[in-house]
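Accompanying notes for the structure given below.
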Amino acid sequence: MGYSEIYKASLSDPEGFWREAAQAIDWDRAPTRALSHDGAGHYEWYADAMVNGCYNAVDRHVAAGHGDRTAIIHDSPITGTQSKLSYAELQTRVASLAGALVAQGITKGDRVIIYMPMVPEALEAMLACARIGAVHSVVFGGFAANELAVRINDCTPKAILAASCGLEPGRVVAYKPLLDAAIEMAAHKPDVCLILQRAQLEADLIPGRDHDWHAAQDGVAPAECVPVEGMHPAYILYTSGTTGAPKGVVRATAGHLVALNWTMKNIYDVDPGDVFWAASDVGWVVGHSYICYGPLVHGNTTIVFEGKPVGTPDAGTFWRVIAEHNVRSFFTAPTAIRAVKREDPKGEEIAKYDLSCLRALYLAGERADPDTIEWAQKVLGVPVYDHWWQTETGWTIAGNPAGLEALPVKIGSPTVAMPGYDVQILDEAGHPQKPGELGAIAIKLPLPPGTLPTLWNADDRFRKSYLTTFPGYYETGDAGMIDADGYLYIMARTDDVINVAGHRLSTGAMEEVLAGHPDVAECAVVGVSDALKGQAPVGFVCLTKGVNRPHDDITAECVKLVRDKIGPVAAFKLALVVDRLPKTRSGKILRATMVKIADGEDFKLPATIDDPAILDEIRDALQAIGYARA
1 MGYSEIYKAS
11 LSDPEGFWRE
21 AAQAIDWDRA
31 PTRALSHDGA
41 GHYEWYADAM
51 VNGCYNAVDR
61 HVAAGHGDRT
71 AIIHDSPITG
81 TQSKLSYAEL
91 QTRVASLAGA
101 LVAQGITKGD
111 RVIIYMPMVP
121 EALEAMLACA
131 RIGAVHSVVF
141 GGFAANELAV
151 RINDCTPKAI
161 LAASCGLEPG
171 RVVAYKPLLD
181 AAIEMAAHKP
191 DVCLILQRAQ
201 LEADLIPGRD
211 HDWHAAQDGV
221 APAECVPVEG
231 MHPAYILYTS
241 GTTGAPKGVV
251 RATAGHLVAL
261 NWTMKNIYDV
271 DPGDVFWAAS
281 DVGWVVGHSY
291 ICYGPLVHGN
301 TTIVFEGKPV
311 GTPDAGTFWR
321 VIAEHNVRSF
331 FTAPTAIRAV
341 KREDPKGEEI
351 AKYDLSCLRA
361 LYLAGERADP
371 DTIEWAQKVL
381 GVPVYDHWWQ
391 TETGWTIAGN
401 PAGLEALPVK
411 IGSPTVAMPG
421 YDVQILDEAG
431 HPQKPGELGA
441 IAIKLPLPPG
451 TLPTLWNADD
461 RFRKSYLTTF
471 PGYYETGDAG
481 MIDADGYLYI
491 MARTDDVINV
501 AGHRLSTGAM
511 EEVLAGHPDV
521 AECAVVGVSD
531 ALKGQAPVGF
541 VCLTKGVNRP
551 HDDITAECVK
561 LVRDKIGPVA
571 AFKLALVVDR
581 LPKTRSGKIL
591 RATMVKIADG
601 EDFKLPATID
611 DPAILDEIRD
621 ALQAIGYARA
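Take the sequence shown: its letter number 88 is residue 88 in UniProt numbering, and every next letter is one higher.
Printed below as a string of structure tokens:
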């Protein structure tokens with residue numbers, strides 16, 4: 001069957017579809033049914049099953065005779081080192097670390113925070129927790145102490161697994177002082193901390209509480225896999241909330257194993273044994289789904305990369321890794337490709353490497369503007385697939401099912417809804433929109449396996465955040481449209497659809513136009529308060545490396561482009577050249593924060609911001625044109 005038939009089957013018979021997909025997982029007790037619900041909008045997948053996530057990601061491959069297959073490649077251009085772990089070696093190391101946790105009193109259901117850089121031990125920590133049924137919560141290594149403290153208080157971990165430091169280009173980031181400060185601030189105190197001492201900076205250990213990572217494993221028995229219920233939380237992953245308080249997204253064990261395993265072949269088109277690389281961080285959902293669990297459950301080789309798209313050492317780093325490690329499918333964020341394009345606009349670095357192994361580039365994490373996709377298509381000579389999903393869903397909502405049936409690419413669209421997702425466009429009253437009409441993107445319940453069943457200790461917040469606006473639907477928070485062929489277009493976050501003199505306009509559409517300017521490497525458009533029109537769009541553009549034309553000429557051309565492509569109705573009159581855009585560490589542009597700066601409103605410094613100093617630069621640029629009032 002092709003995509004269309006399979007998609008229809010997934011919606012008409014979700015029970016049958018996901019029962020069949022579940023056969024690819026090794027169960028301690030197979031589910032008697034896939035889907036169950038309580039009649040009040042609460043759905044569960046494989047609730048009566050018993051399963052272990054670590055067994056499926058590691059042990060079963062060893063048992064099947066694939067112990068010599070490479071599980072993890074660690075490539076660290078910052079340290080200039082590389083290493084490989086086979087599945088058999090990974091099994092030994094994970095069982096030993098899990099045994100150390102058991103020896104410290106960690107049991108099924110206990111929470112463990114992981115505060116690690118991009119090293120293999122970060123994945124080992126996740127898998128060791130899964131092995132004994134502990135619930136892990138990965139917090140981005142180097143996160144500010146107060147933000148780490150908030151997460152400690154929310155999930156009340158019995159243990160924290162951390163490294164002594166992380167490495168950034170040109171600097172060493174000491175993790176242990178941040179960890180100590182966070183524990184000091186937090187009302188909840190963990191019983192134990194295991195610290196991985198890195199050669200670049202060793203940490204002082206607090207007697208009684210802190211233990212050396214390796215010493216803690218000496219003399220302890222390796223832990224066996226503990227079966228858990230299908231709905232047992234595999235992990236908690238915190239995502240920013242609109243109130244400023246983080247939301248702990250819960251991932252149920254069985255559903256995410258089934259769904260992620262299904263995606264590896266059907267979406268990413270890799271077979272067991274192939275090398276798959278997601279250039280992300282374990283602190284983000286991509287790191288959970290597609291650095292750790294997805295590739296390993298499917299029997300792939302995954303790459304843990306400690307570096308940056310540019311600067312470690314140059315804009316050819318991605319291409320070197322792909323060539324050296326025989327990467328079949330490569331997944332990264334559009335912002336990473338834009339950074340490479342800005343440094344190497346002609347793609348000259350690519351010529352240094354043999355990329356014949358690469359089948360496709362996958363982009364996700366934010367809107368992939370057409371200019372970036374077209375550039376990547378041209379310089380790489382392989383399909384470039386935009387796809388769209390969220391921390392909450394854990395895997396692709398809309399994408400191109402290349403391993404099932406590669407559909408024609410439409411630039412600007414992440415293609416079509418994946419099996420299990422009944423994606424609809426709704427107006428403010430919850431009525432379906434016609435093809436081509438802009439509206440809120442919502443998903444009719446039930447959501448497929450692998451998506452969030454709730455928020456940690458916050459069922460009411462879960463319902464208010466996602467299920468209340470459109471009863472019977474999950475509210476994505478994104479706005480867009482579906483065309484006559486069923487292709488989805490993600491135009492903006494719902495709150496980025498601005499109202500200009502009564503006209504609802506997408507800032508994403510304006511960004512698409514600006515990104516088409518030959519001198520623009522990256523851009524953002526936000527709606528600022530306007531006494532006459534309600535809101536007015538302001539564009540921020542970063543220029544391609546080597547461009548030295550007058551900024552006034554470039555911004556005038558940008559304004560004209562938007563007026564020509566979208567029309568005078570957009571009232572687009574202001575474009576500013578800036579050196580950088582404020583972003584999260586995962587590359588998402590902080591548009592809502594930029595709006596608050598422009599409107600002179602108070603705002604909470606986003607916990608995930610990459611460099612707070614950029615906000616001052618944005619404020620200065622806005623003040624120069626009469627915005628960002630003190």
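From the three backbone atoms N, C-alpha and C, an ideal C-beta is built for every residue, glycine too.
Residue i vs residue j beta-carbon contact at 7 Å
| i | j | result |
| --- | --- | --- |
| Phe276 | Asn300 | yes |
| Lys410 | Tyr362 | no |
| Val258 | Ile72 | no |
| Ile597 | Ala621 | no |
| Pro77 | Thr312 | yes |
| Thr451 | Gly508 | no |
| Val538 | Val528 | yes |
| Ala49 | Trp27 | yes |
| Gly166 | Pro117 | yes |
| Val513 | Lys565 | yes |
| Lys158 | Asp110 | yes |
| Tyr385 | Phe331 | no |
Closer than 6 Å: residue i CB and nearest the ligand SAH heavy atom
| i | result |
| --- | --- |
| Val62 | Because no ligand of any kind appears in the structure shown, any question about the ligand SAH cannot be addressed here. |
DSSP three-state assignment for residue i, whether helix, strand or coil
| i | result |
| --- | --- |
| Val525 | strand |
| Ile373 | helix |
| Gln91 | helix |
| Arg111 | strand |
| His211 | strand |
| Lys464 | helix |
| Gln200 | coil |
| Ala630 | Because the pLDDT at Ala630 is just 49, under 50, the model does not fix this residue reliably, and the value given afterwards should be weighed accordingly. Ala630 falls in the coil class under three-state DSSP. |
Chain-order list of residues whose beta-carbon lies under 6 Å from that of residue i (same chain, five-residue window excluded)
| i | result |
| --- | --- |
| Gly133 | Lys108, Val226 and Val228 |
| Tyr55 | Cys225 |
| Asp274 | Asn300 and Arg328 |
| Thr608 | Thr584 and Arg585 |
| Tyr43 | His37 and Pro446 |
| Gly142 | Gly166 and Val173 |
Nearest to residue i (by Cα), restricted to the options the options
| i | options | result |
| --- | --- | --- |
| Ile236 | Thr79, Pro453, Arg328 and Ser76 | Pro453 |
| Ala88 | Ile566, Ser76, Ala64 and Asp459 | Ala64 |
| Pro414 | Ala613, Ala315, Gln433 and Met491 | Met491 |
| Trp375 | Arg338, His74 and Ala406 | Arg338 |
| Met481 | Asp459, Phe540 and Val416 | Val416 |
| Ala368 | Ala22, Arg60, Pro606 and Ile589 | Ile589 |
| Gly587 | Thr544, Thr468 and Ser280 | Ser280 |
| Pro401 | Arg563, Gln91, Asn266 and Val559 | Asn266 |
| Thr476 | Val569, Leu426 and Gly170 | Leu426 |
| Cys542 | Gly67, Ala364, Asp519 and Asp552 | Asp519 |
| Pro120 | Tyr3, Val382 and Asp75 | Asp75 |
| Arg198 | Tyr175, Ala181 and Ile183 | Tyr175 |
| Cys193 | Val112, Phe603 and Ile160 | Ile160 |
| Ile206 | Pro177, Cys357, Ile6 and Leu576 | Pro177 |
| Tyr46 | Met1, Ala216, His232 and Gly439 | His232 |
| Ile152 | Asp616, Ile113 and Ala278 | Ile113 |
C-alpha distance - residue i paired with residue j, whole-angstrom precision
| i | j | result |
| --- | --- | --- |
| Arg619 | Ala592 | 14 Å |
| Tyr293 | Thr253 | 11 Å |
| Gln200 | Val270 | 36 Å |
| Asp154 | Val139 | 13 Å |
| Gly16 | Ala34 | 8 Å |
| Gly412 | Trp388 | 11 Å |
| Thr32 | Leu11 | 20 Å |
| Asp611 | Pro582 | 7 Å |
| Gly99 | Leu605 | 39 Å |
| Pro190 | His325 | 39 Å |
| Ser96 | Asp13 | 42 Å |
| Pro370 | Gly516 | 8 Å |
| Asp599 | Ala162 | 40 Å |
| Ala630 | Cys558 | Note on Ala630: pLDDT 49, under 50, position unreliable in the model; the coordinate value appears next. Each residue's alpha carbon lies about 28 Å from the other. |
| Met418 | Glu437 | 21 Å |
| Pro449 | Tyr421 | 10 Å |
| His431 | Arg320 | 49 Å |
Chain-order list of residues whose beta-carbon lies under 7 Å from that of residue i (same chain, five-residue window excluded)
| i | result |
| --- | --- |
| Thr391 | Leu237, Thr239, Val249 and Val285 |
| Thr263 | Gly294, Trp395 and Thr396 |
| Pro272 | His298, Gly299 and Asn300 |
Neighbourhood of residue i by C-beta distance below 8 Å, restricted to the same chain and skipping five residues each side
| i | result |
| --- | --- |
| Gly316 | Asp344, Glu349, Ile350, Lys352 and Tyr353 |
| Pro435 | Met481, Ile482, Asp483 and Ala484 |
| Phe318 | Ala279, Pro309, Phe330, Thr332, Ala336 and Val340 |
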